[in-house]
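In the UniProt record's numbering, the protein residues as written are 1 to 148.
Okay, so here's the structure we're looking at.
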């Protein structure tokens, strides 16, 4: 968490890993992030910080833990891996940029995963928070958008 904050604040080169679902990523991503499903050993073996994020930090913490449990992972790599505490919600609250994954253009749209989590996102600062859910989603929730 501390390392992630420092690296991102100083705009240090890093591997930024998006641990959210593909559906969430289609709404927006942090610039230069790659989906966790596309991370390769070659990505991880580059000598740079690895910072994971998700909606609020739970899935990215799990991703980091799973990586650390891998037999091939060195202590040096484990020391370079961290996650954004508070996830993309904290990123947005801090004014971090988001881009549309398809166009790579700035966007104020952000996916909050569920209606219950929408309150964790900064709608008062111009973000359009969505929790549009697909038919295969848990709880079968309806589409919803929040903005000011």
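Here a beta-carbon is modelled for each residue, glycine too, at the ideal position from N, C-alpha and C.
Apart from the 5 residues on each side of it in sequence, residue 117 sits with its Cβ closer than 8 Å to the Cβ of 55, 56, 89 and 131 in its chain, given in chain order. Beta-bridge analysis with DSSP links residue 35 to 18. Taking 3 residues as the shortest admissible run, the stretch 51–139 contains the following complete beta strand (DSSP E) segments, listed from N- to C-terminal end: 81–83, 109–111 and 128–130.
Contact between residue 30 and residue 86 fails: their C-beta atoms lie close to 13 Å from each other, not under 8 Å.
Exclusion of the five residues before and after residue 24 leaves 111 as the residues of its chain whose Cβ lies within less than 6 Å of its Cβ.
Minimum Cα-Cα distance from residue 113 among the listed residues 14, 129 and 83 corresponds to 129. No Cβ-Cβ contact shorter than 7 Å links residue 101 with residue 127. No Cβ-Cβ contact shorter than 7 Å links residue 64 with residue 41.
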